[in-house]
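What follows is a set of notes on a single structure, which appears directly below.
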């Protein structure tokens with residue numbers, strides 16, 4: 001009975017909004033999307049950081065190489081971004 005009512009009364013032609021700039025996401029949707037992005041960033045960063053740790057523990061020359069890599073301002077900025085993504089991921093993960 002309900003299905004018959006819905007078939008008769010639901011509009012056949014619904015408007016389609018293809019302009020993505022007019023769509024307003026709720027704050028929870030934005031937080032969810034950013035949580036997923038920060039998780040991907042953290043996942044990729046763990047592999048890179050484990051490689052760097054392995055290099056630094058392999059030999060004294062490897063440690064010097066890892067120290068030289070970490071001494072760059074650009075790499076320090078990337079590390080700050082990774083730590084920020086990890087902190088955001090943890091805080092938003094605790095919320096949910």
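Residue numbers (full-length UniProt numbering): 1 to 96. The beta-carbon is built from N, C-alpha and C at its ideal position, and this holds for glycine as well.
Using beta-carbon positions only, say whether residue i and residue j come within less than 9 Å of one another.
i: residue 48; j: residue 81; result: no
i: residue 38; j: residue 85; result: yes
i: residue 35; j: residue 93; result: yes
i: residue 66; j: residue 52; result: yes
Give the secondary structure of residue i by DSSP, where H, G and I count as helix, E and B as strand, and everything else as coil.
i: residue 46; result: helix
i: residue 94; result: helix
i: residue 98; result: Residue 98 lies beyond the range of the chain shown here (1 to 96); nothing can be said about it.
i: residue 60; result: helix
i: residue 23; result: coil
i: residue 75; result: helix
i: residue 65; result: helix
What residue from the options has the CA that sits closest to residue i's CA?
i: residue 91; options: 75, 13, 31; result: 31
(message) Quick check: the segment 13–27 against the segment 59–74, are at least 3 beta-carbon pairs closer than 8 Å?
(response) no
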